[in-house]
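Asks: Quick note on numbering: full-length UniProt numbering labels position 75 of the sequence shown as 75, and the sequence is numbered without any gaps.
A virtual CB, placed ideally from N, CA and C, is assigned to each residue, including glycine.
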Amino acid sequence: MATIETAIVLQQSLLEDAEAIAHQMNISRSQLLEMAIAEFVQRYQVRQSLNLEKVNEAYTDAPDPDDQRLLAGMRRLHRQVLENDV
1 MATIETAIVL
11 QQSLLEDAEA
21 IAHQMNISRS
31 QLLEMAIAEF
41 VQRYQVRQSL
51 NLEKVNEAYT
61 DAPDPDDQRL
71 LAGMRRLHRQ
81 VLENDV
């Protein structure tokens, strides 16, 4: 896989922590940052996928009888308001 060199700005304490962890893991700082970003991206994508699934799930079923009655009442009220405005 192709790699690209980039520059980032970090708080000094965060960089020091990252360097210490990289040293403990016997990997380069770049490898540590790459691993951290890859994990973040994966978690983000999973969260986005789960949120989309929840939205889709919420709209898959038809309105229940209570919701249908409420919607019918709202339509009647809306129609009355429109008719009285004319």
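What do you reckon, are the CB atoms on LEU33 and ALA18 nearer than 8 Å?
Replies: yes
Asks: For ALA12 and ASP61, what's the separation of their Cα atoms in angstroms?
Replies: Correcting the residue identity first, residue 12 is Gln in this sequence and not Ala. Cα to Cα, the separation comes out at about 52 Å.
Asks: Since I believe LEU71 is in contact with residue 102 (beta carbons under 8 Å), could you give me their beta-carbon distance rounded to a whole number of angstroms?
Replies: Shown here, the chain extends from 1 to 86; a query on residue 102 therefore has no answer.
Asks: Reducing DSSP to helix, strand and coil, say where LEU52 ends up.
Replies: helix
Asks: Less than 8 Å between the C-beta atoms of ALA36 and SER28, yes or no?
Replies: no
Asks: Taking the C-alpha atoms as reference points, what is the distance between THR6 and SER30?
Replies: 10 Å
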